[in-house]
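**Student:** Take 1 as the starting number for the sequence shown in UniProt numbering and just add one per residue.
We treat Cβ as the ideally placed atom computed from N, Cα and C, and that holds for glycine.
Just dropping this structure here.
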Amino acid sequence: MTAAVRPKETAPPAAGGVLECSGLTRRFGPRTAVDDVSLSVAPGETYGLLGPNGAGKTTTIRMVCGLLRAETGTVKVAGQPIGPAAGAVKRLVGYVPQDVALYPDLTVRENLRFFGRLYRMPRRELDRRVTEVLELIDLGSRARDRVDSLSGGMRRRLNIGAALVHSPTLLVLDEPTVGVDPQSRHAILESVSRFGEEGMAVLYTTHYMEEAERVCDRVGIIDRGRLVAEGTTRELVALVAGRDRVRLTAGGDLKAYAEACLRLPRVEAADVTGEHGEMVETVVKDGRSLLPELLDLAHQCQVPVRSVEIVEPDLETVFLHLTGTALRE
């Protein structure tokens, strides 16, 4: 099942978008990593590309940044085509990769100056911009410290700062909070929120629902290389109006139980989830009235239920409804 939703609050511009992608496709051998993806990001907008690892998020943004050539489709930044040879257009983009790309034996300030010099920024402008970025990423007090003395969260923030120093028009962040502590994650998300408020276009990939809900003006859900839905959080949740996500923690053969759930008339999706595969999540119409049937079916399948939770519609419900599987790392 696929769906496309255009937001009412911020419609993507036809010609004035900072980023415009049309029909992007990329294959690696027999595998299609990105399949006909189109999206746009307006000035001041934070667009979240939400999907599990392996869904095609990183391949998409590598094409957006001109690091990988699309087999079909086009990418334009500020109205100009971008690709591996488009050096001038690449200067409009700031790219924050998943892996921290810094020089550990240089200080925080030296790293920022180094990345600014790659863009041939004039010395006076670079000094001013480095000071601004240090404040943005809240590392002014650590400016003289070597990177190898920083915590993982601080390195992540500096990684973002390195992409900001040349004042890009488009900032692309590829899962910037992976592996950081809660405090650092909060600081990173606060910074991302400010970037949009200051007029920068931001493309943000993540597999964390709560991050997309918190910082993104619009969200595109990508699964198996295809963009299956797009819109504001409110619009996406409206796709599953009247449906609940019922989560049962149980033992036994949960895969067989999930398959049996799919045969019930009002069950639209079911999947085994949890860190250790100890839960079955279903998307159903009116979860409370259907709960007795789900519990009776669990008894028939010899699946002892330990707990039940009924969750009101959210982005997780949308993803499960559209793809038939829960969002996993």
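Once DSSP output is grouped into helix, strand and coil, what is the label at D105?
**Tutor:** Counting from one through the sequence shown, the residue named residue 105 turns up at place 105. Residue state, collapsed to three classes: coil.
**Student:** Can you find the residues in the same chain that come closer than 7 angstroms, C-beta to C-beta, to V100, ignoring five residues on each side of it along the sequence?
**Tutor:** The residue labelled residue 100 in the question sits at position 100 within the sequence shown. Result list for V100: R155, R156 and N159, in chain order.
**Student:** The beta strand (DSSP E) spanning V37 covers which residue range?
**Tutor:** By 1-based counting over the sequence shown, the position of residue 37 is 37. Residues R31 to V41.
**Student:** Going by DSSP, name the residue or residues bridged to I137.
**Tutor:** Within the sequence shown, residue 137 is the residue found at index 137, counting from 1. Per DSSP, none; premise fails for I137.
**Student:** Tell me the DSSP secondary structure of R306 in three-state form.
**Tutor:** As a working note, residue 306 is residue 306 in the sequence shown. Correct three-state label for R306: strand.
**Student:** Starting from G94, trace the beta strand (DSSP E) both ways and give me its first and last residue.
**Tutor:** The residue given as residue 94 occupies position 94 in the sequence shown. Where G94 is concerned, the enclosing beta strand (DSSP E) stretches over V93 to V96.
**Student:** For R247 and V37, what's the separation of their Cα atoms in angstroms?
**Tutor:** Within the sequence shown, the letter at position 247 stands for residue 247. Within the sequence shown, the letter at position 37 stands for residue 37. The alpha-carbon atoms of R247 and V37 are separated by roughly 32 angstroms.
**Student:** Measure from the alpha carbon of S193 to the alpha carbon of each residue in T177, V130, C216 and P168, then state which is nearest.
**Tutor:** For the purposes of this step, residue 193 is identified with residue 193 of the sequence shown, where counting begins at 1. If we check each option's Cα against that of S193, C216 comes out closest.
**Student:** In whole angstroms, what separates the C-alpha of L189 from that of Q302?
**Tutor:** If you number the sequence shown from 1, residue 189 lands on position 189. If you number the sequence shown from 1, residue 302 lands on position 302. Cα-Cα distance, rounded: 44 angstroms.
**Student:** Tell me the DSSP secondary structure of G242 in three-state form.
**Tutor:** The residue labelled residue 242 in the question sits at position 242 within the sequence shown. G242: coil per DSSP, three-state reduction.
**Student:** Using only alpha-carbon positions, find the residue among A326, Q300 and L320 that is nearest to G274.
**Tutor:** Numbered from 1 along the sequence shown, position 274 holds the residue referred to as residue 274. The shortest C-alpha separation from G274 is found at A326.
**Student:** Applying the criterion that 16 or more other CB atoms from any shown protein chain within 10 Å of the CB defines a buried residue, is G199 buried or exposed?
**Tutor:** Working through the sequence shown from its first residue, we reach residue 199 at position 199. Exposed is the call here.
**Student:** Helix, strand or coil: how does DSSP classify Y204 here?
**Tutor:** Taking the first residue of the sequence shown as position 1, residue 204 is located at position 204. Of the three classes helix, strand and coil, the one that applies to Y204 here is strand, per DSSP.
**Student:** Can P313 and D244 be called in contact, C-beta distance under 8 angstroms?
**Tutor:** What you label residue 313 is simply residue 313 of the sequence shown in a count that begins at 1. What you label residue 244 is simply residue 244 of the sequence shown in a count that begins at 1. It is a contact, given that the beta carbons lie within the stated cut-off.
**Student:** Quick check on DSSP: helix, strand or coil for T72?
**Tutor:** Along the sequence shown, read from residue 1 onward, the residue named residue 72 stands at position 72. In the structure shown, T72 sits in a strand (DSSP, three-state: E or B).
**Student:** Opposite Q80 in the DSSP bridges: which residues?
**Tutor:** Here residue 80 refers to the residue found at position 80 when the sequence shown is read from its first residue. V77, per the DSSP bridge assignment.
**Student:** Quick one: does P304 have its CB under 8 angstroms from some CB of chain D?
**Tutor:** Absent here is chain D; the protein component of the structure consists of one chain.
**Student:** Quick one: Cα of N139 to Cα of G87, how far?
**Tutor:** Against the sequence shown, residue 139 aligns to sequence position 139. Against the sequence shown, residue 87 aligns to sequence position 87. In the sequence under discussion, the amino acid at residue 139 is Leu, which differs from the Asn named in the question. Approximately 30 angstroms, taken between the alpha carbons.
**Student:** Buried or exposed: P176, going by 16 or more other Cβ atoms within 10 Å of its Cβ?
**Tutor:** For the purposes of this step, residue 176 is taken as the residue at position 176 of the sequence shown. Answer is buried; the Cβ neighbour count reaches 16.
**Student:** Do you know how far the Cα of R146 is from the Cα of R324?
**Tutor:** On the sequence shown, position 324 is the one that residue 324 refers to. On the sequence shown, position 146 is the one that residue 146 refers to. Before going on, a small fix: residue 324 reads as Gly here, not Arg. Each residue's alpha carbon lies about 47 angstroms from the other.
**Student:** I'd like the span of the alpha helix (DSSP H) that includes M121, first residue to last.
**Tutor:** Numbered from 1 along the sequence shown, position 121 holds the residue referred to as residue 121. Neither: M121 is in no alpha helix (DSSP H) and is coded neither H nor E.
**Student:** With 16 as the cutoff for other CB atoms within 10 Å, does P168 come out buried or exposed?
**Tutor:** Stepping through the sequence shown from its first residue, residue 168 is reached at position 168. So P168 counts as buried.
**Student:** Give the DSSP-derived three-state secondary structure of G48 in the structure shown.
**Tutor:** One-based indexing of the sequence shown puts residue 48 at position 48. In this structure, G48 counts as strand in the three-state DSSP scheme.
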